[in-house]
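Presented below is the structure to which this report refers.
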Amino acid sequence: MATNALSGFPPALVRRLVIKIGSALLVDPAGEVRVDWLRTLVADVAERKTAGQQVIIVSSGAIALGARRLKLPKGGRGSLEDAQAAAATGQIALSQCWASLLAEKGITAAQMLVTLDDLENRRRYLNASATLERLVALNVVPVINENDSVATTEIRFGDNDRLAARIGQAARADAVALLSDVDGLYTANPHVDASAMLIETIETIDARIAAMADGGSASGMGSGGMVSKIQAARIATGAGAHLAIISGKVDSPLAHWANGGKGSIFLAAQGKGARKGWLAGRLTTRGRLIVDAGAEKALGKGNSLLPAGVASVEGLFDRGDVVDIVAQDGRVIARGLIEYDSAAAVKIAGRRSEEIAALLGEMPRSVLVHRDHMAMV
Ligand code: GLU
């Protein structure tokens, strides 16, 4: 029986959850979606949503599905072009499947296809983050995959484990669950070593833990494996989210885990603080926003920074750059990702939110620096 209170990622402790499903779970060896199993997972998702948990899905399986339909060798992974054609063909079937199964439970699905660049580039990171936030607020379940049909080798994640961790970061999720064909992290490869033991809770990813991963995807279908799962765990925990590896080889895998099933949990570095620590630790800030006393007080209470509270803007920066937020007496009081570039920031500094659309001639963002992308220093 699991001892960790987080086991099963209960809705009371995990408000927002990213669930990643690997190709081998979604697609059978004949290249068809494992609809019956998927329906049990969707039932899990519906149950969690009813309990108040916000769910985001990262789904693999496009390449595996498309390869079968196009009769491509090596599961569609023989060349980049094959993988891209397979992904394009498989993705449309995959999203149809998710949309109809979620609809059976009265849930609206939304599709987002992203590349590495979309989440590394700060400007697009903010866009993806805002879209996810909006979808979740609208009670929709985003279903996300890598945009494999356009991503080239250099700009690919390549595995959805790391993609799920990055999505967890962008969506400010409390936790990420990787559903896999293994039920956790073992001291050695359990497929070949009978003495291998499952590690239930991992507090720090040290060299000993990293050495337990042996790489490669056991199923030969996805591109993950334990190495990519540990990389994903580093990203997620560093961003303040817990990450679990659990088995998807059973029906209703989330309910199964919550009822005492096996799994390994990598604990978030320092809870929510870590994500902000990551922000506060950025060495290069590109600009300074000097704020008035009212704004300083509002930030201290945990509010976002509105243009009205900014007295002056210094530096040249792009949307998504890190800027210092500075009090009247020159103290740096916070640091955050800015929603506008410097030219626009100068125009709207000191102005009321209602004036912004007219000043910029574009659809305004709600704030200058959102509290979720800000750390008090
Ligand atoms: N994005 C790939 C697909 O949909 C899967 C990547 C992975 O294997 O993790 O087929």
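According to UniProt numbering, the sequence shown is numbered sequentially starting from 1. The C-beta atom is built at its ideal place from N, Cα and C for all residues, glycine as well. As the structure is a computational prediction, the values presented were derived from the model and not from experiment.
Name, in chain order, the residues that DSSP records as bridge partners for residue i.
i	result
Gly287	Gly315, Val323
Lys20	Val58, Leu178
Phe266	Ile202, Leu243
Tyr340	DSSP lists no partner for Tyr340.
Pro142	Ala110
Arg335	Asp324, Ala375
Val27	Val33
Val369	Leu305
Tyr186	Leu198
Val192	DSSP, once it has assigned bridges, lists no residue as partnering Val192.
Val310	Val291
Would a C-beta distance cut-off of 7 angstroms place residue i and residue j closer than the cut-off?
i	j	result
Val176	Ala239	no
residue 393	Gly76	Here the chain has residues from 1 to 377 only, and residue 393 is not among them.
Ser59	Val141	no
Arg39	Leu101	yes
Ala311	Ile325	no
Leu316	Ser353	no
Gly320	Leu305	no
Asp262	Leu178	According to the sequence displayed, residue 262 carries Lys and not Asp. No, Cβ-Cβ distance for Lys262 and Leu178 is not below 7 angstroms.
Leu119	Arg166	yes
Gly61	Ser95	no
Asp181	Lys249	yes
Ala151	Thr115	yes
Ile265	Leu6	yes
Ala213	Val227	yes
Gly309	Ala293	no
Pro307	Leu360	no
Ala46	Lys105	yes
Trp98	Ala88	no
Pro11	Arg48	yes
Gly158	Ala236	no
Does residue i have its Cβ less than 7 angstroms from a Cβ in chain C?
i	result
Ala207	Absent from the structure: chain C. Only one protein chain is present.
Can we count residue i as close to the ligand GLU, meaning its CB is less than 6 angstroms from some heavy atom?
i	result
Ile63	yes
Asn4	no
Ser23	yes
Asn121	no
Asp148	yes
Asn145	yes
Asn189	no
Asp159	yes
Ser60	yes
My guess is that residue i and residue j are in contact by the Cβ rule of under 8 angstroms, so how many angstroms apart are they, rounded?
i	j	result
Arg34	Val27	7 angstroms
Arg124	Asp117	7 angstroms
Ala258	Gly8	3 angstroms
Asp161	Ala232	4 angstroms
Leu313	Ala349	For the sequence presented, residue 313 should be read as Val rather than Leu. 5 angstroms between Cβ atoms; contact.
Ile56	Val136	7 angstroms
Val18	Ala164	5 angstroms
Arg371	Gly302	6 angstroms
Val322	Arg365	That pair is no contact at about 17 angstroms.
residue 378	Gln84	The requested residue 378 is not part of the displayed model; the chain covers only 1 to 377.
Thr284	Asn4	Not really, about 38 angstroms apart at Cβ, beyond 8 angstroms.
Considering only heavy atoms of the ligand NAD, does any lie closer than 6 angstroms to the CB of residue i?
i	result
Leu178	Among the ligands in the structure shown, the ligand NAD does not appear; only the ligand GLU can be found there.
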